[in-house]
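Visitor: First residue of the sequence shown? That's 81 in the working numbering, and the numbers climb one at a time after it. Just so you know, even glycine gets a beta-carbon here, dropped at the ideal spot from N, CA and C. Here the structure is a predicted model, which is why all the values come from computation and not from measurement.
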Amino acid sequence: MPELRRSARGPTRAAYPHARRLAVPLTALALLAGGCGNSPSTLRPHSRPAREIADLWWWMLAAAAVVFLGAIVMLALSWWRRGRPGLPVFGDRDDIARRLVVLFGVLVPLVVLIALFVVADALVVKDTGAPARGSTAMTIEVTGRQWFWTVRYPGTRAITANEIHIPANTRINIVARTADVIHSFWVPQLNRKIDMIPGLSNRVLLYANQIGRYRGQCSEFCGLEHANMAFDVDAETPAAFRAWLHREAAPATPPATPAQKAGADVFMNDQCASCHTIRGTSARGLVGPDLTHLGSRRTLAALTIPNRLSELREWIRDPQHVKPGNKMPGLNLAPRDLDAVARYLEGLK
Ligand code: CUA
Numbered sequence: 081m082p083e084l085r086r087s088a089r090g091p092t093r094a095a096y097p098h099a100r101r102l103a104v105p106l107t108a109l110a111l112l113a114g115g116c117g118n119s120p121s122t123l124r125p126h127s128r129p130a131r132e133i134a135d136l137w138w139w140m141l142a143a144a145a146v147v148f149l150g151a152i153v154m155l156a157l158s159w160w161r162r163g164r165p166g167l168p169v170f171g172d173r174d175d176i177a178r179r180l181v182v183l184f185g186v187l188v189p190l191v192v193l194i195a196l197f198v199v200a201d202a203l204v205v206k207d208t209g210a211p212a213r214g215s216t217a218m219t220i221e222v223t224g225r226q227w228f229w230t231v232r233y234p235g236t237r238a239i240t241a242n243e244i245h246i247p248a249n250t251r252i253n254i255v256a257r258t259a260d261v262i263h264s265f266w267v268p269q270l271n272r273k274i275d276m277i278p279g280l281s282n283r284v285l286l287y288a289n290q291i292g293r294y295r296g297q298c299s300e301f302c303g304l305e306h307a308n309m310a311f312d313v314d315a316e317t318p319a320a321f322r323a324w325l326h327r328e329a330a331p332a333t334p335p336a337t338p339a340q341k342a343g344a345d346v347f348m349n350d351q352c353a354s355c356h357t358i359r360g361t362s363a364r365g366l367v368g369p370d371l372t373h374l375g376s377r378r379t380l381a382a383l384t385i386p387n388r389l390s391e392l393r394e395w396i397r398d399p400q401h402v403k404p405g406n407k408m409p410g411l412n413l414a415p416r417d418l419d420a421v422a423r424y425l426e427g428l429k
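(1) Can you check which of these residues, Ala336, Ala330 and Pro338, is closest to aspartate 370 by C-alpha distance?
(2) Could you pull out every residue in the same chain whose Cβ sits closer than 7 Å to the Cβ of arginine 225, ignoring the five residues on either side in sequence?
(3) Could you please give me the residues that DSSP links to leucine 286 through a beta bridge?
(4) Please list the terminal residues of the continuous beta strand (DSSP E) segment that includes serine 354.
(5) Say whether the region 215-230 touches the region 189-199, bearing in mind that this needs 3 or more beta-carbon pairs closer than 8 Å, one atom from each stretch.
(6) Closer than 8 Å is the cut-off here; do at least three beta carbon pairs connect the region 412-424 with the region 333-350?
(7) Got a sec: does ligand 1 put a non-hydrogen atom nearer than 6 Å to the Cβ of glutamate 305?
(8) In whole angstroms, what is the alpha-carbon distance linking leucine 270 and leucine 136?
(9) Can you determine whether any heavy atom of ligand 1 sits closer than 6 Å to the C-beta of glutamate 391, and answer yes or no?
(10) Looking at glutamate 300 and ligand 1, is the gap between the Cβ and the nearest heavy atom below 6 Å?
(11) Per DSSP, what are the beta-bridge partners of cysteine 298 in this structure?
(12) Under the assumption that tryptophan 490 contacts glycine 303 (Cβ atoms under 8 Å), give the Cβ distance between them as a whole number of angstroms.
(13) When you compare the CB positions of isoleucine 254 and leucine 286, do they come within less than 7 Å of one another, or not?
(14) If you reduce the DSSP assignment to three classes, tell me which class aspartate 370 lands in.
(15) Is it the case that the CB of methionine 309 approaches a heavy atom of ligand 1 more closely than 6 Å?
(16) Leaving aside the five residues before and after proline 91 along the sequence, list all residues of the same chain whose C-beta is less than 7 Å from its C-beta, in chain order.
(17) So for isoleucine 246, helix, strand or coil by DSSP?
(18) Can you tell me whether aspartate 260 is helix, strand or coil according to DSSP?
(19) How many Å lie between glycine 405 and glutamate 394 at the Cα?
(20) Tell me whether threonine 317 is buried or exposed, calling it buried when 16 or more other Cβ atoms sit within 10 Å of its Cβ.
(21) For tyrosine 294, which option in Asn282, Val267 and Val284 has the closest C-alpha, if you only look at C-alpha atoms?
(22) Tell me the residue span of the beta strand (DSSP E) that contains arginine 377.
(23) With 16 other CB atoms within 10 Å as the buried threshold, where does valine 204 fall?
(24) Use the C-beta contact count for serine 215: other C-beta atoms within 10 angstroms, 16 or more gives buried, fewer gives exposed.
(25) Could you check the C-alpha separation between glutamate 426 and glycine 365 for me, to the nearest Å?
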């Protein structure tokens, strides 16, 4: 972001002796905005729609920087001429000063805003909107819930949560719905946000031009754990995706060890099964996420904690401590039952 840095080194430094000290925080801000490391920045696009959004952002930043610079120059000029009548260039010509105000205060902003609106409408809105019928290779249904995401692959039995697998370089039609309040599905590196509104089905294109993991986030305030309503999009080779979908569509692996068998018994006979589905068993609850292949996921509770045995045990023991406000109650299981349930779920690869 050279514009911002220049404003700290250029005319402002003459006017403000502290400008040099501002250079460090301004540079840090620029680095943050530019997206360092693996942050899910809009400015590191991995699809055409996301690239167009990023391009528009840079154009708007450039226009804003010019306006900002102009305002700073005017401010410096007025400070320099304080107490003396007239502008240094135009003397006492009030009519010219008035025309300058009309030009830069009304006409220039009008032209700039109309130009940005036309560019945004003509280029960005068209390419980031719902994909035309028949222009995508597959559909994935994503349902937002307080506070996780249910992911279905129509035409298959696969249902998962919070980790959306897609083939890279493939146009995907995302159908976005909600089961409760308004959420917003957003993968900054792949496309715009799309709201999930009660009673409506919205659609958005999901496309990744490179194999990789792209973080997504709910971007509409939806309650206490809105910030912990994240998800990942895993873009894979078509072969890896097909293999994943095949595994995901299969029913759950039966428990193998004695501890897992004991855990399955607790799960089916205690309250767990009334809220969760494990396909291939008698657990058919629909309140919480489908757990058929929970053991193969990287995270729990919509990317809140890693999916390891110790964290899984802690999550079942006291979910409200890990993610306050979520719909899962603490079940007061005996330590042995708790461990058995965790081991059973861990084995659901
Ligand atoms: Cu869901 Cu914010």
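Guide: Well, looking at it:
(1) Closest in C-alpha terms to aspartate 370, from the list Ala336, Ala330 and Pro338, comes Ala330.
(2) Ala259 and Asp260
(3) Paired residue(s): Ile252.
(4) Counting along the chain, serine 354 falls outside any beta strand (DSSP E), though it belongs to the alpha helix (DSSP H) covering 352-355.
(5) no
(6) yes
(7) no
(8) 15 Å
(9) no
(10) yes
(11) Phe265
(12) Past the edges of the chain, shown from 81 to 429, lies residue 490, and the structure says nothing about it.
(13) Taking 7 Å as the Cβ cut-off, isoleucine 254 and leucine 286 qualify as a contacting pair.
(14) coil
(15) Under cutoff, so the answer is yes.
(16) Unreliable placement is indicated for proline 91, whose pLDDT of 37 sits below 50; no coordinate value is reported for it.
(17) strand
(18) coil
(19) 16 Å
(20) exposed
(21) Val267
(22) Where arginine 377 is concerned, there is no enclosing beta strand (DSSP E), given that its DSSP letter is neither H nor E.
(23) buried
(24) exposed
(25) 19 Å
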